[in-house]
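Asker: Handing you a structure now.
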Amino acid sequence: MTSRRTRERLVEALAQQGVADERVLEALRRVPRHLFVDEALASRAYENTPLPIGHGQTISQPWVVARMTELLLEPGIPERVLEVGTGSGYQAAVLASLVPHVYTVERVGALVSQARQRLREARLYNAHIRHGDGYQGWPEYAPFGGILLTAAPAQVPAALLEQLADGGRLVAPVGGSGYQALTVADRGAEGLRYRRVAGVSFVPMLEGRG
Ligand code: SAH
């Protein structure tokens, strides 16, 4: 169930659904998603579907992970990326296989320790997790060439925009609970430019540390 063929089928499905960046497809081929879900669900890890990870949270659907990663890296591979909403650690793992340094913030303590362990098991040592409130970002390592939100705020938090480098890109689901617009913000010479690319459904970004 976690075999090479099963993973290959997933990657083929993603390519058919419009994921074109070979680097991203290769990352999804390589990163063992079954390590980031409970053992009882491991046999379903390479289905193109979200899965529960406890604490009322879910690991995003592979298509969403692939598409958001592709959008984030479109302008080029940044040196440092910030993720908000570590969850299982899977999206961070995909990023860590593509960029030099990943910083990811999670508000639920139990998910932080679990994700740390899983990233170690996957031998990805360049992803750093902080237990904190993603609305604050991670100022010590700013600016970031890429910022990715995997929980949905009503509006893009100001502190995160401040931590976005010149030429950097932020990708986030923005909107109310249930349904959001996947939004891309680019910081160029003339300031920030926003673009909406798809409809998505993420859990809301909550205030404060859990
Ligand atoms: N990227 C994850 C899926 C994220 S689910 C993965 O690959 O598995 C959304 C996560 O965002 C949840 O774990 C939730 O606890 C977290 N979250 C919600 N609000 C947050 C906030 N303000 N700061 C940090 N994390 C937050």
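Numbering (this note's numbering), first residue to last: 770 to 979. Backbone N, C-alpha and C define an ideal beta-carbon position, used for all residues, glycine too. Since the structure is predicted, the reported quantities are computational estimates derived from the model, not experimental observations.
1. Going by other Cβ atoms of all chains shown within 10 Å of its Cβ, with 16 needed for buried, is Arg889 buried or exposed?
2. Looking only at its own chain, which residues have a Cβ that is under 8 angstroms from the Cβ of Ala902, when we skip the five neighbours before and after it?
3. For a test of the three-state rule: what should DSSP assign to Gly960, helix, strand or coil?
4. Just the C-alpha distance for Gln932 and Met837, rounded to the nearest angstrom, thanks.
5. Who are the near neighbours of Ala891 in its chain, counting only those whose CB is closer than 7 angstroms to its CB and skipping five residues on each side?
6. Run through DSSP, which three-state label would His803 get?
7. Which value, in whole angstroms, describes the spacing of the CA atoms of Tyr981 and Ser829?
8. Alpha carbon to alpha carbon, how far is His900 from Asp790? Give it in angstroms, no decimals.
9. Is Tyr904 close to the ligand SAH? I mean its beta-carbon at under 8 angstroms from any heavy atom of the ligand.
10. Just curious, the alpha helix (DSSP H) that Gln785 is in, first and last residue?
11. Based on Cα-Cα distance, which residue from Val925, Ala796, Ala809, Trp832 lies nearest to Leu783?
12. Would you kindly work out how many angstroms separate the C-alpha atoms of Gln924 and Asp807, rounded to a whole number?
13. For a test of the three-state rule: what should DSSP assign to Thr827, helix, strand or coil?
14. DSSP puts Arg792 in a beta bridge; with which residues?
15. Output the distance between the C-alpha atoms of Arg964 and Ala814, rounded to the nearest integer angstrom.
16. Would you identify the three-state DSSP class for Tyr894, choosing helix, strand or coil?
17. So, is the C-beta of Leu840 closer than 9 angstroms to a C-beta in chain C?
18. Which two residues bound the contiguous beta strand (DSSP E) that contains Pro875?
19. Whole angstroms are fine: how far does the CA of Gly947 sit from the CA of Leu918?
20. DSSP three-state label for Glu852, please.
21. Would you say the beta carbon of His824 comes nearer than 8 angstroms to a heavy atom of the ligand FMN?
22. Verify whether the separation of the beta carbon atoms of Ala934 and Pro847 is less than 9 angstroms.
Answerer: Quick look at the numbers:
1. exposed
2. One detail in the question is off: residue 902 reads as Asp in this sequence, not Ala. Once the five neighbours on either side are set aside, the close Cβ partners of Asp902 are Val874, Arg876, Glu976, Gly977, Arg978.
3. strand
4. 19 angstroms
5. Val800, Pro801, Leu804, Ala862
6. helix
7. The shown model of the chain, from 770 to 979, leaves out residue 981, and the question about it has no answer.
8. 31 angstroms
9. yes
10. 773-785
11. Trp832
12. 32 angstroms
13. strand
14. Arg792 is not bridged to any residue.
15. 31 angstroms
16. coil
17. No chain C appears in the structure shown, which is made up of a single protein chain.
18. A small correction: the amino acid at residue 875 is Glu; Pro does not occupy that position in the sequence shown. Element bounds for Glu875: 870-875.
19. 15 angstroms
20. strand
21. The ligand FMN is absent from the structure shown, which contains only the ligand SAH.
22. yes
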